[in-house]
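Below you'll find the structure, written out as structure tokens, and then a few comments.
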Ligand code: NAD
């Protein structure tokens, strides 16, 4: 990415990311700091807008409108979750789709369905990059995703489908979770329940990708997969921390660079 940013700047294109955080959620603060640090590391200009938890929806919309017009900003990221009095959907819809580096705007979500997209949500994109870089073939494979959120599970399913995987999405109402996961050649866990996917649920030789980030009472970070037991049966597995987390940030940088090109052209 560093090399790409350098080349971009030589073409006279300067990528810029605006990160907006409302309130003082400690996890959000950690994520925002990592995003800013990644920008610094690879030479992307960034601006942070840290707003108080009392910020009104109208005030936030005003900021988004300003950033939509701001010439040195190519990507806008509003860190979720927002305080309860702010409607996330209204805020996401207000972001210019060409600056929507999280790919949460309905226009970008729709494009992902068609398979013709500019931006892909960072976490599922990071998962795909890990699969690709590890030389794992998706076509024809049984892919089981656990979790159906708009930011991970659903777009992940589309991306695996575009690579010709046979995709199953499991969720909180799935009746035969262990049985379904056992069929999978590729498992993507995005539930938010510490270590719920255990080694006995995994098929011998399966690829296991753990999106979950859960902090236990003793402050230890663990994924949705029980690493020690799953590692014994998997042919490849991602750790937590590490694995998908850093990839998410790398994909955000990739989307910001892409946004800089798109906004320059438009
Ligand atoms: P979410 O809470 O929006 O969705 C969780 C999903 O899990 C839901 O669709 C629900 O149906 C499903 N689920 C709940 N209980 C289940 C059960 N018993 N069996 C099967 N499915 C069940 O969560 P999210 O935003 O998709 O995040 C999931 C996890 O991934 C969280 O731990 C989150 O912190 C982590 N996350 C990590 C990154 C990263 O960068 N690595 C990014 C986003 C989210």
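In the numbering used here, the protein residues as written are 102 to 367.
Note that the Cβ used here is the ideal one computed from N, Cα and C, for glycine as well.
Residue environment, residue i, which counts as buried when at least 16 other CB atoms sit within 10 Å
i, result
"residue 336", "exposed"
"residue 261", "buried"
"residue 153", "exposed"
"residue 111", "exposed"
"residue 157", "exposed"
"residue 280", "exposed"
"residue 204", "buried"
"residue 173", "exposed"
"residue 215", "exposed"
"residue 167", "exposed"
"residue 125", "exposed"
"residue 264", "buried"
"residue 131", "exposed"
"residue 222", "buried"
"residue 273", "exposed"
"residue 151", "exposed"
"residue 113", "exposed"
"residue 136", "buried"
"residue 240", "exposed"
"residue 325", "buried"
"residue 313", "buried"
"residue 116", "buried"
"residue 242", "buried"
"residue 359", "buried"
"residue 319", "exposed"
Sub-9 Å separation of residue i and residue j beta-carbons
i, j, result
"residue 224", "residue 339", "no"
"residue 123", "residue 162", "no"
"residue 293", "residue 248", "yes"
"residue 109", "residue 291", "no"
"residue 230", "residue 307", "no"
"residue 323", "residue 295", "yes"
"residue 165", "residue 196", "yes"
"residue 181", "residue 202", "no"
"residue 84", "residue 255", "This structure leaves residue 84 out entirely; the chain is present only between 102 and 367."
"residue 219", "residue 363", "yes"
"residue 57", "residue 129", "The first residue shown for the chain is 102 and the last is 367, placing residue 57 beyond what the model contains."
"residue 206", "residue 194", "yes"
"residue 107", "residue 142", "no"
"residue 301", "residue 330", "yes"
"residue 192", "residue 259", "no"
"residue 118", "residue 353", "yes"
Presumed contact (8 Å Cβ cut-off) between residue i and residue j, rounded CB distance
i, j, result
"residue 303", "residue 288", "7 Å"
"residue 160", "residue 120", "Not really, about 17 Å apart at Cβ, beyond 8 Å."
"residue 268", "residue 311", "18 Å between Cβ atoms; not a contact."
"residue 244", "residue 227", "At roughly 16 Å, the Cβ-Cβ gap does not stay under 8 Å, so residue 244 and residue 227 are not in contact."
"residue 235", "residue 200", "No, residue 235 and residue 200 are not in contact; Cβ-Cβ is about 31 Å, not under 8 Å."
"residue 327", "residue 299", "5 Å"
CB contact below 9 Å: residue i versus chain D
i, result
"residue 280", "The question asks about chain D, but that chain is absent: this structure has only one protein chain."
Ordered list of beta strand (DSSP E) runs contained in the stretch 300-344, each at least 3 residues = Under the rule that a run must span 3 or more residues, the beta strand (DSSP E) segments found entirely inside the stretch 300-344 read 308-311.
request  = Entirely within the stretch 214-261 and at least 4 residues each: give me those alpha helix (DSSP H) ranges in chain order.
outcome  = 223-234
task = Run through the stretch 147-208 for me and flag every whole alpha helix (DSSP H) of 4 or more residues, listed as ranges in chain order.
result = Listed in chain order, the complete alpha helix (DSSP H) runs (minimum 4 residues) inside the stretch 147-208 are 158-170, 189-195.
3 or more residues per run - each beta strand (DSSP E) lying fully within the stretch 263-287 = The beta strand (DSSP E) runs lying completely inside the stretch 263-287 and spanning 3 residues or more are 267-271, given in chain order.
message = Suppose only complete runs of 3+ residues qualify. What are the beta strand (DSSP E) ranges in the stretch 113-146, listed by chain order?
response = 117-123
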